[in-house]
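Residue numbers (our numbering): 96 to 726. As structure tokens, the structure follows; a few thoughts come after it.
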């Protein structure tokens, strides 16, 4: 199995140190063996590898009269009447692939194999025969992809080094598709081709940048990948994500980028998800030392939040290679765990140290307190990411779901920054209101979203809306906050309890009884406002998370442990009479924090980090402490 519920794997994506993407055509088994021997010494467990499509299936189309397609060949040679030949596969490449599997086995690596690797690091690697075709939607191309996939899987399915098959590397970059149906069809055909030959191994999506809803304009959907494959994955590079690329990588916001995205994919796709690619894109983007600190922080958060595993991009530097994409793209040259002299960089040292620390630990799943429901019409990633960050700073943990999913019974449901005329279908809204009537709390923050019923059941009356021309100022817990939404909704109380008013006495936060539960309205889209604001989650920033903390209290969320420092986050892992508390410092400075643990739990020692003295611990920058308690 790729996933063990209580274990976390580390590894990397692999291209040979001497050749990069040309490792198969410039095969050197001795160099590959040396690469893997070095990596194995650093406790990496899994490699993701790529049989490059244009090398393994080097097809050319020969044309006849008036440009008619006449025959598929290997350059000038006809395809041999052999099983690999009929699949359009180069037997030399297949032999080298088999050699690689044996090398991996000797060095105790398990492999995720990206089968349709036609996109890599900024270059398209489609066979010459398909140069002017849409390689996702053209039936003739998909036919040859299926042939290739079925042969490789059938021929190598018994090799013990292979632990999973992957559709390919970011295949949603291969070609444009016009609809989610086309994207679904391609994924289903390739996944079905794999399963036709091997029912024993899972199929990994291999995709990045998936969407929650088709109204986003992105046809590649999380739910569709969850239906067509067995395991989802994320490729969360801060530099490529506008919300994460606003500030230095080893601070609070980026410490949770990979985790929030991976939890979103797993919850929405309803399949396990892991971090398949991660990286800072080398010293042209971030120093090696800070990259190491960032990775350490990300590893601890991914481990604590049940993200299963993390693979770095990638194993080796490629600074001396003349071929594209390395000639084109500067940031593709210095991405390695090992430098060009094959010495470990801080990221590899961080990965080794982390693997050694967690090896003896058995970690139950982390506690979940609330459900966040990204809705239609909005930037679902921005609202989800913002909600995740605010909840972490407020001291509780969330999961995600789409409206229409069967919702877990939680004490709190959050619809963050709703916008547009159709954020949620009425039938799905009614299902949530039934849970509220039975005793749950629904928190809605509004970015001019329209829901019905709204005014009556929330105990408010909308007066008017207008473009905001000044800041909204309000006070909470002795702190004055100032926010400016793009559009302001002006409400007055009509039966609700007013919890927060602005400088003009207008409603900011309200609560209304609904059956046995509560409906809480925030008239400001705090999630999207905060996640789009520079340094909003830094220690010196106003604690907007106080609104989430207040909402959690009203919803009756009572954690076993709390702390007095929002840069340090906690996850609670309970199994029987044992509680494991993971405290992570998500800042580039050492933090001292006081913990308050429910009196029913008694301190039973520290597995890693500072011993708890009267509930006070000090955590180094971008690091963690693992504390044990017993009833």
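Glycine included, C-beta positions come from ideal geometry on N, C-alpha and C.
Indicate whether residue i and residue j have their beta-carbon atoms separated by less than 8 angstroms.
i	j	result
residue 690	residue 724	no
residue 241	residue 260	no
residue 236	residue 244	no
residue 285	residue 208	no
residue 622	residue 512	yes
residue 560	residue 574	no
residue 459	residue 669	yes
residue 655	residue 711	no
residue 439	residue 432	yes
residue 406	residue 371	yes
residue 147	residue 107	no
residue 716	residue 395	no
residue 721	residue 677	yes
residue 556	residue 524	no
residue 566	residue 578	yes
residue 302	residue 267	yes
residue 531	residue 612	yes
residue 167	residue 226	no
So what does residue i bridge to, in DSSP terms?
i	result
residue 663	680
residue 107	142, 407
residue 214	219
residue 725	673, 697
residue 260	208, 298
residue 584	560
residue 509	467, 538
residue 115	111
residue 607	614
residue 306	316
residue 102	For residue 102, which the question treats as bridged, DSSP gives no partner whatsoever.
residue 173	168
Taking the alpha helix (DSSP H) that residue i falls in, what are its first and last residues?
i	result
residue 475	475–489
residue 128	124–135
residue 327	Looking at the DSSP string, residue 327 is not in any alpha helix (DSSP H); the run it does join, the beta strand (DSSP E), is 327–329.
residue 443	441–453
residue 321	317–323
residue 359	352–364
residue 193	186–201
residue 240	234–251
residue 283	275–292
residue 529	521–532
residue 180	178–181
residue 626	621–626
Going along the chain, which residues of its own chain have a beta-carbon closer than 6 angstroms to the beta-carbon of residue i, five neighbours each way excluded?
i	result
residue 428	413, 414, 421
residue 650	506, 507, 536
residue 124	194
residue 393	353
residue 308	471
Output the boundary residues of the beta strand (DSSP E) element that contains residue i.
i	result
residue 711	711–714
residue 144	141–144
residue 574	574–578
residue 595	592–596
residue 389	Segment 383–399 is the alpha helix (DSSP H) holding residue 389; no beta strand (DSSP E) there.
residue 153	Unbroken run through residue 153: none, as it is neither H nor E.
residue 686	686–692
residue 549	Neither: residue 549 is in no beta strand (DSSP E) and is coded neither H nor E.
residue 646	No beta strand (DSSP E) holds residue 646; the alpha helix (DSSP H) holding it covers 640–649.
residue 495	493–495
residue 657	656–658
residue 571	567–571
By Cβ distance, which residues of its chain are closer than 8 angstroms to residue i, with the 5 residues on each side in sequence left out?
i	result
residue 368	326, 327, 328, 329, 357, 358, 360, 361, 402, 403
residue 466	493, 494, 495, 496, 502, 503, 505, 507, 508, 509
residue 521	547
residue 634	661, 662, 682
May I ask whether a heavy atom of the ligand NAD can be found less than 7 angstroms away from the beta carbon of residue i?
i	result
residue 226	The model depicted lacks the ligand NAD and carries no ligand whatsoever.
Kindly list the residues whose CB is nearer than 7 angstroms to the CB of residue i, restricted to its own chain and excluding five residues on each side of it in sequence; keep chain order.
i	result
residue 672	725, 726
residue 255	200
residue 191	119, 122
residue 272	231, 232, 278, 314
residue 153	169, 185, 222
residue 364	317, 318, 320, 321, 327
Exercise. For the 8 angstroms Cβ check, are there 3 or more pairs between the stretch 316–324 and the stretch 484–491?
Worked result: no
Exercise. Any contact of the stretch 114–121 with the stretch 166–181, i.e. 3+ C-beta pairs under 8 angstroms?
Worked result: no
Problem set entry | contact_flag[the stretch 193–204, the stretch 134–141] where n(CB pairs < 8 angstroms) is 3 or more | yes
Exercise. So, do the stretch 288–298 and the stretch 338–350 have three or more beta carbon pairs nearer to each other than 8 angstroms?
Worked result: no
Exercise. Hey, is the stretch 426–445 in contact with the stretch 373–393, meaning 3+ C-beta pairs nearer than 8 angstroms?
Worked result: yes
Exercise. Looking at C-beta atoms only, is the number of pairs between the stretch 634–643 and the stretch 691–705 that lie closer than 8 angstroms three or more?
Worked result: no
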